[in-house]
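Down below is the structure, laid out as structure tokens.
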Amino acid sequence: MRGHLTDAELMAHRFNKDEDGKPLLSDSEVNWVSSHLLDCPECLERSEALAEERLASKTPT
């Protein structure tokens, strides 16, 4: 079994489109990461934290 997901994998799963609107991950990769997140609370927590950081960096203050 593989270890924890990388930040890049977590971000690609959370925001699965590039600047042109093309998917970053295939359907099977999305399904695999989703399954891993259900089984790994640590990766799920990191995914949520990374998403919050990205949102905060794009929100004007």
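The sequence shown begins at -7 in the numbering used here and counts up one residue at a time. Even for Gly, the Cβ is constructed at its ideal location relative to N, Cα and C. Because the structure is a prediction, the values reported are computed rather than measured.
(message) Please state whether the Cβ-Cβ distance between L16 and R38 is less than 8 Å.
(response) In this structure, R38 does not lie closer than 8 Å to L16 by Cβ.
(request) Determine the direct distance from the alpha carbon of R(-6) to that of S49, and round the result to whole angstroms. (result) Each residue's CA atom was taken as its position, placing S49 and R(-6) some 31 Å apart.
(request) For H5, count neighbouring Cβ atoms within 10 angstroms of its own Cβ and tell me buried if that reaches 16, exposed if not. (result) So H5 ends up on the buried side.
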